[in-house]
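J.:
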Amino acid sequence: MVTRLAGAAAALTFILGTIVIGGAWAVGSASEPDRAARLAEFRRPDAIPFPEANPYSQAKAELGRALFFDPILSRDEGRACATCHVPSLDWTDDQPRAMRNDDAPMAVRTPTLVDIAWIERSLGWDGRFRDLESVAYVPITAPANMDMPEALLNERLSAVPRYVEAFRRAFPEAADEARPVTRPRIEQALATFQRLIVAGPAPFDAWVAGETGAVSPAAKRGFDLFTGKAGCDSCHSGHSFTDGSFHDIGTASGDDIGRGRFFPTSTALRYAFKTPTLRNVARRPPYMHDGAARTLAEVVEIYDRGGIDRPSRSRDIRPLGLTAQEKADLIAFMESLSDAGADGPAHKPIPAEPPRP
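Position 297, counted from 1, in the sequence shown is what the UniProt record's numbering calls 297; the numbers after and before it change by one each time, with no gaps.
#1: Below 7 Å CB to CB, which residues in the same chain sit around Arg-279 once its five sequence neighbours on both sides are set aside?
#2: By DSSP, does Ala-191 sit in helix, in strand, or in coil?
#3: Starting from Leu-113, follow the alpha helix (DSSP H) in both directions and report where the run begins and ends.
#4: Of all the options Asp-126, Trp-125, Leu-152, which has the alpha carbon lying nearest to the alpha carbon of Tyr-137?
#5: Cutting at 7 Å between CB atoms, please list the residues of its own chain near Ser-234, excluding the five before and the five after it.
#6: For Arg-128 and Gly-258, I'd like the C-alpha separation in whole angstroms.
#7: In whole angstroms, what is the alpha-carbon distance linking residue 361 and Ala-268?
#8: Can you name the residues that DSSP bridges to Tyr-287?
#9: Under the three-state reduction of DSSP, which class applies to Phe-262: helix, strand or coil?
#10: Bridge partners of His-247, per DSSP?
#11: Let me check understanding here. Comparing Cα to Cα, which of Gln-58, Tyr-163, Thr-323, Ala-98 lies closest to Tyr-287?
#12: Kindly indicate if chain B contains any beta-carbon less than 8 Å away from that of Ala-107.
#13: Hey, is the segment 215 to 234 in contact with the segment 89 to 104, meaning 3+ C-beta pairs nearer than 8 Å?
#14: Evaluate Ala-133 with the Cβ neighbour count: other Cβ atoms within 10 Å of its Cβ, from every protein chain shown; 16 or more gives buried, anything less gives exposed.
#15: Helix, strand or coil: which one does DSSP assign to Phe-241?
#16: Please list, in chain order, all residues of the same chain as His-347 whose beta carbon is under 7 Å from its beta carbon, the five residues on each side excluded.
#17: For Asp-93 versus Cys-84, is the C-beta spacing smaller than 8 Å?
#18: Which class does Val-300 belong to by DSSP, given the choice of helix, strand or coil?
#19: Taking the alpha carbon of His-236 as the reference point, which residue from Glu-52, Pro-96, Val-281, Gly-78 has its own alpha carbon closest?
#20: Going by the DSSP bridge assignment, what does Pro-105 pair with across the sheet?
#21: Contact defined as beta carbons within less than 8 Å: I believe Ser-216 pairs with Ala-332. What is the distance between those atoms, to the nearest angstrom?
#22: What's the C-alpha gap between Phe-68 and Lys-274?
#23: Distance check for Gly-341 and Leu-305, CA to CA, integer angstroms please.
#24: Report buried or exposed for Val-160, applying the criterion of at least 16 other Cβ atoms within 10 angstroms of its Cβ.
#25: Would Ala-24 be called buried (16 or more neighbouring beta carbons within 10 Å of its own) or exposed?
#26: Would you list the residues sitting across from Thr-92 in a DSSP beta bridge?
#27: Tell me which residues share the same chain as Gln-188 and place their Cβ nearer than 7 Å to its Cβ, disregarding the 5 neighbours each side in the sequence.
#28: When you compare each of Pro-33, Ala-66, Leu-157 to Arg-75 by their alpha carbons, which one comes out closest?
#29: Can you give the Cα-Cα distance for Asn-145 and Pro-139, rounded to whole angstroms?
#30: Between Ala-324 and Lys-229, what straight-line distance do the alpha-carbon atoms span, to the nearest angstrom?
#31: May I ask which residues mark the beginning and end of the alpha helix (DSSP H) holding Asp-256?
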């Protein structure tokens, strides 16, 4: 009888120690083989993707970089692409919402361009842009932004000899054209450069590669929570920590219904906004599509509460019941995703061949 009871107790202990809740161990930390398998899902790729319709070339990327930083693209020459997408601020800005040219706030925060080459499907917080090439002329021509008519931009760039030559180098088919500056070529050059905006290696990547001491014990526990109890990886998946999709996380309200404006009959897409990358996230406050959260601690609190309970809220959003230690561990993990700063191919001389991430 005693033996039978002891065996039952041992079995119960084993069951309690291995119950899975949302993919994480309820008692104790994840096993090393299980953790290693999950780490592999976040391994950085070996190459930056460039579309067949706009393949990489050094001359095109150099032209795109010049255009990106040149206020000549705005009517009053007071703004450039880099005015909002600031390299030293991880290619976004530090404002809750992007600023218009009259210093009034826009509706949403400036999205980072980090790792944009992998997440360019349905770009923008509400997914209104098909790809990077289709983005450029919206801010360029918007009256509240750069306010530059297409014809005037072509005329202005065509009057600058160095730009005329740069377009001819970047687009060999234009070598004999008197006016090689065109909208499609401006779009392709800017997009080529922006695909070089890639996060540099972070401590997390060294851990993925096998350096067990690259991140702290707190960050390791945070990773187990991220991929387990907290379920963050249901949306923040893959090497860029985003599924590139749209979700209602239970925070937005009011007239801006995000992706829902394009799919008015969809309940799931009402108040759904694009999942941002978490690369360098610790350096990119404020957070959310409207800058509503000032710190990562506030972001974690929002997810811990589970957001507004409504029909459109994602099924992955729910109250989490995190302890103070678990919240701190999650933040430690997200901090391990930061590179050394001013890192990645876009910060370096443009190479002749497509660079590695």
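The beta carbon of each residue, even a glycine, is placed where N, CA and C say it ideally should be.
T.: Short version:
#1: As a first step, residue 279 is located in the sequence shown; it is residue number 279 there, counting from the start. Residues Val-114, Asp-115, Ala-199, Ser-240, Phe-241, Leu-337 of the same chain have their beta carbon placed closer than 7 Å to that of Arg-279, with the five preceding and five following residues left out of the count.
#2: On the sequence shown, residue 191 is found 191 positions in, with the first residue counted as 1. DSSP places Ala-191 in helix when its eight states are reduced to three.
#3: Sequence index remark: in the sequence shown, residue 113 carries index 113 (1-based). Looking at the DSSP string, Leu-113 is not in any alpha helix (DSSP H), and its letter there is neither H nor E.
#4: Taking the first residue of the sequence shown as 1, we reach residue 137 at position 137. It is Leu-152.
#5: Within the sequence shown, numbered from 1, the residue matching residue 234 stands at position 234. Within the same chain, Ser-234 has close Cβ partners Asp-316.
#6: As a working note, residue 128 is residue 128 in the sequence shown. As a working note, residue 258 is residue 258 in the sequence shown. Cα to Cα, the separation comes out at about 10 Å.
#7: Nothing can be reported for residue 361, as the shown portion of the chain is limited to 1 through 357.
#8: Walking along the sequence shown from the start, residue 287 turns up at place 287. BP columns for Tyr-287 point to Ala-293.
#9: Locating residue 262 in the sequence shown gives position 262, where the first residue counts as 1. Phe-262: coil per DSSP, three-state reduction.
#10: Counted from its first residue, the sequence shown places residue 247 at position 247. His-247 pairs with Phe-273.
#11: The residue you call residue 287 lines up with position 287 of the sequence shown. Per the C-alpha coordinates, the member of Gln-58, Tyr-163, Thr-323, Ala-98 positioned closest to Tyr-287 is Ala-98.
#12: The structure shown contains no chain B; it holds only a single protein chain.
#13: No contact exists between the segment 215 to 234 and the segment 89 to 104.
#14: As a working note, residue 133 is residue 133 in the sequence shown. Sequence check: residue 133 is Glu here, not Ala. Glu-133 comes out buried.
#15: The count along the sequence shown starts at 1 and reaches residue 241 at position 241. The answer is coil: DSSP assigns Phe-241 none of H, G, I, E or B.
#16: The residue labelled residue 347 in the question sits at position 347 within the sequence shown. These residues qualify, in order along the chain: Pro-87.
#17: On the sequence shown, position 93 is the one that residue 93 refers to. On the sequence shown, position 84 is the one that residue 84 refers to. For the pair Asp-93 and Cys-84, the CB atoms are nearer than the 8 Å cut-off.
#18: On the sequence shown, residue 300 is found 300 positions in, with the first residue counted as 1. Helix at Val-300.
#19: On the sequence shown, residue 236 is found 236 positions in, with the first residue counted as 1. For His-236, the nearest C-alpha among the options comes from Val-281.
#20: If you number the sequence shown from 1, residue 105 lands on position 105. DSSP output for Pro-105 lists Met-99 as bridge partner(s).
#21: Taking the first residue of the sequence shown as position 1, residue 216 is located at position 216. Taking the first residue of the sequence shown as position 1, residue 332 is located at position 332. 6 Å between Cβ atoms; contact.
#22: Against the sequence shown, residue 68 aligns to sequence position 68. Against the sequence shown, residue 274 aligns to sequence position 274. Each residue's alpha carbon lies about 24 Å from the other.
#23: Counting from one through the sequence shown, the residue named residue 305 turns up at place 305. Counting from one through the sequence shown, the residue named residue 341 turns up at place 341. The question names Leu, but residue 305 in the sequence shown is Arg. Taking the straight line from one Cα to the other gives about 32 Å.
#24: Looking up residue 160 in the sequence shown gives position 160. Val-160 should be labelled exposed.
#25: Here residue 24 refers to the residue found at position 24 of the sequence shown. Note that Ala-24 scores a pLDDT of 36, beneath 50, so its modelled location is shaky; the value from the coordinates is reported in the next line. Buried, because 16 or more other Cβ atoms sit within 10 Å of the Cβ of Ala-24.
#26: Translated into the one-based positions of the sequence shown, residue 92 becomes position 92. For Thr-92, which the question treats as bridged, DSSP gives the partners Val-86.
#27: As a first step, residue 188 must be located in the sequence shown, where it is residue number 188. Same-chain partners within the cutoff: Asn-54, Lys-60, Glu-133.
#28: Residue mapping note: residue 75 aligns to position 75 of the sequence shown, counting from 1. Looking at the Cα atoms, Leu-157 is the closest of the given residues.
#29: As a working note, residue 145 is residue 145 in the sequence shown. As a working note, residue 139 is residue 139 in the sequence shown. Each residue's Cα considered, the two are about 6 Å apart.
#30: Here residue 324 corresponds to residue number 324 of the sequence shown, with the count starting at 1. Here residue 229 corresponds to residue number 229 of the sequence shown, with the count starting at 1. Rounded to whole angstroms, the separation of the alpha carbons of Lys-229 and Ala-324 is 14 Å.
#31: For the purposes of this step, residue 256 is taken as the residue at position 256 of the sequence shown. Neither: Asp-256 is in no alpha helix (DSSP H) and is coded neither H nor E.
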